[in-house]
Amino acid sequence: MPLGNDLMHPSLSKERTRHKKKRLVQSPNSYFMDVKCVGCYRITTIFSHAQTVVPCSGCSVILCQPGGGKCRLTAGCAFRRKYT
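Here the sequence shown stands for residues 203 to 286, where the numbers follow my numbering.
Laid out in structure tokens, this is it:
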């Protein structure tokens, strides 16, 4: 009797919805990202789950605020996820 879904090769969408410890290969949900400031266009590296307010080093504009889990970026800030 065949199973309804393949346990050894789950789909990517199914794997992302699972808890980080219960995935086929454990991986964290957090990451570092480059955030571009709205005022001076400087790029700052920020942790995705930052627990403090992060100001821009050039113009002191607040780039992100803690949100209980992932931090909330200021409106207008562009970000790019860092992979290495």
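Using N, Cα and C, we set each Cβ at its ideal position, and we do this for glycine too.
Item	Value
Measure from the alpha carbon of G290 to the alpha carbon of each residue in Q228, G271, I245, K238, then state which is nearest.	What is shown of the chain runs 203 to 286, which leaves residue 290 out entirely.
For L275, which three-state DSSP category applies?	strand
Taking DSSP as the reference, what is the three-state secondary structure of T254?	coil
Apart from the five residues on each side of it in sequence, which residues of its chain come closer than 8 Å, Cβ to Cβ, to P230?	K222
Considering only their Cβ atoms, is the gap separating I245 from V256 smaller than 9 Å?	no
Beta strand (DSSP E) containing R282: first to last residue?	280–283
Let's test the definition: count the other Cβ atoms within 10 Å of the Cβ of H242 and tell me whether it reaches 16, buried, or not, exposed.	A small fix is needed here, since residue 242 is Cys in this sequence, not His. Exposed is the call here.
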